[in-house]
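Each remark here refers to the structure printed beneath this line.
Numbering (the numbering used here), first residue to last: 68 to 147.
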């Protein structure tokens, strides 16, 4: 994920997600709470929670994302 970028706030009605950070430090907003996750750490996001990932650093971040079930057709974008 490029430096200084962020995804849109959203949630999933059915899918839960697990982010594992490989490189860098990711910032997550989950239900209005800010959480920083460093390399070799992970974060589980339960279904229905409003969330987004941000890269507030000057370096790119790399991560693995696992969603169960698939998020295809299960993403509801929100306005910030």
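Glycine included, every Cβ here is placed at the ideal spot set by N, Cα and C.
Less than 9 Å separating the beta-carbons of residue i and residue j?
i, j, result
"residue 120", "residue 90", "no"
"residue 117", "residue 80", "no"
"residue 84", "residue 133", "yes"
For a test of the three-state rule: what should DSSP assign to residue i, helix, strand or coil?
i, result
"residue 109", "strand"
"residue 144", "strand"
"residue 121", "strand"
"residue 79", "coil"
Distance check for residue j and residue i, CA to CA, integer angstroms please.
i, j, result
"residue 97", "residue 82", "15 Å"
"residue 143", "residue 122", "21 Å"
"residue 110", "residue 104", "7 Å"
"residue 106", "residue 87", "8 Å"
"residue 93", "residue 99", "16 Å"
"residue 146", "residue 102", "20 Å"
"residue 72", "residue 130", "14 Å"
"residue 77", "residue 69", "19 Å"
"residue 53", "residue 95", "Past the edges of the chain, shown from 68 to 147, lies residue 53, and the structure says nothing about it."
Check the DSSP bridge columns for residue i and list the partner residues they point to.
i, result
"residue 128", "Beta-bridge pairing links residue 128 to no other residue."
"residue 133", "85"
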